[in-house]
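Protein chains in written order, with this note's numbering: chain F, 667 to 781; chain C, 2 to 109. Where is the CB? At the ideal position from N, CA and C, for every residue including glycine. Computed from a predicted structure; not experimentally measured.
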Amino acid sequence: GAVVSQHPSRVICKSGTSVKIECRSLDFQATTMFWYRQFPKQSLMLMATSNEGSKATYEQGVEKDKFLINHASLTLSTLTVTSAHPEDSSFYICSVRPNPTDTQYFGPGTRLTVL
Amino acid sequence: RKEVEQDPGPFNVPEGATVAFNCTYSNSASQSFFWYRQDCRKEPKLLMSVYSSGNEDGRFTAQLNRASQYISLLIRDSKLSDSATYLCVVNSLNKLVFGAGTILRVKS
Chain F
667 GAVVSQHPSR VICKSGTSVK IECRSLDFQA TTMFWYRQFP KQSLMLMATS NEGSKATYEQ
727 GVEKDKFLIN HASLTLSTLT VTSAHPEDSS FYICSVRPNP TDTQYFGPGT RLTVL
Chain C
2 RKEVEQDPGP FNVPEGATVA FNCTYSNSAS QSFFWYRQDC RKEPKLLMSV YSSGNEDGRF
62 TAQLNRASQY ISLLIRDSKL SDSATYLCVV NSLNKLVFGA GTILRVKS
């Protein structure tokens, strides 16, 4: 498998602030990373696919101007939740896929609470 | 209709029991299939891939029926540590699609 870290693991912020979440691939170079969101008692939903050196691909219904993704290196992708609101409170998880036919390996997740 | 459907449970079973989970998927072009395990407030972790011929890993057996678009997971001799949510996951057009999960609670 692959080893993925995320930082921070938990964040509590006031409504209107922006929050940056980092996802790092620790043991291989990831040209593609995936960002998911999970609301309580619901399944993981893919938000976007992060592509190293190019724009992210967003899923339908996900606002690209609200969820800014930067994948500037082969080991780091960041997700910034801009002007966060209470409805953005969720569990945000990133993943990597070592090769196209392989499964994905997930980071430990970031729990965001917006007051 | 959801692309991946699972019985949410919960399944409450005693230690040592055998329990089976089912999953159906709607996209017949799906390419690969997995079971993940997710503990409370943690990330999903790969339990096993699912192959057409069926495959076994210790106490866990996974089966796939492409004609019926049906996937199953059998857990034998349940342990307390098996308590978790089991996610049926389908690789559809190179994206992972997750079921909502089936909750298993193993009790002593």
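Please state whether the Cβ-Cβ distance between Pro764/F and Ala668/F is less than 7 Å. The residue given as residue 764/F occupies position 98 in the first sequence. The residue given as residue 668/F occupies position 2 in the first sequence. Contact: yes.
For Gly775/F and chain C, any beta-carbon pair shorter than 7 Å? Here the question's residue 775/F lines up with position 109 in the first sequence. Closer than 7 Å to some Cβ of chain C, the Cβ of Gly775/F qualifies, so yes.
In the stretch 38-51 of chain C, which residues sit with their C-beta less than 8 Å from some C-beta in chain F, listed in chain order? Arg42, Lys43, Glu44, Pro45, Lys46, Leu47, Ser50
Thinking just about the alpha-carbon of each residue, which of Thr62/C, Leu97/C, Cys89/C, Gln7/C is nearest to the one in Asp768/F? Walking along the first sequence from the start, residue 768/F turns up at place 102. Taking only the C-alpha atoms, the option nearest Asp768/F is Leu97/C.
Alpha-carbon to alpha-carbon, Cys24/C and Pro45/C: As a first step, residue 45/C must be located in the second sequence, where it is residue number 44. As a first step, residue 24/C must be located in the second sequence, where it is residue number 23. Pro45/C and Cys24/C: Cα-Cα distance of roughly 17 Å.
Measure the C-alpha to C-alpha separation of Gln704/F and Val677/F and round it to an integer number of angstroms. Locating residue 704/F in the first sequence gives position 38, where the first residue counts as 1. Locating residue 677/F in the first sequence gives position 11, where the first residue counts as 1. Cα to Cα, Gln704/F sits roughly 15 Å from Val677/F.
So, under 8 Å CB-CB, Gly17/C and Ile104/C are touching, yes? Tell me the CB distance rounded to an integer number of Å. Position 16 of the second sequence, counted from the start, is the residue given in the question as residue 17/C. Position 103 of the second sequence, counted from the start, is the residue given in the question as residue 104/C. With 8 Å as the limit, Gly17/C and Ile104/C do not qualify as a contact, their Cβ atoms being about 19 Å apart.
Taking the CB atoms as reference points, tell me whether Met713/F and Glu725/F lie closer together than 7 Å. Residue mapping note: residue 713/F aligns to position 47 of the first sequence, counting from 1. Residue mapping note: residue 725/F aligns to position 59 of the first sequence, counting from 1. Contact flag set, yes.
Around the Cβ of His751/F, are there at least 16 other Cβ atoms within 10 angstroms (buried) or fewer (exposed)? Within the first sequence, residue 751/F is the residue found at index 85, counting from 1. With fewer than 16 Cβ atoms within 10 Å of its Cβ, His751/F is classed as exposed.
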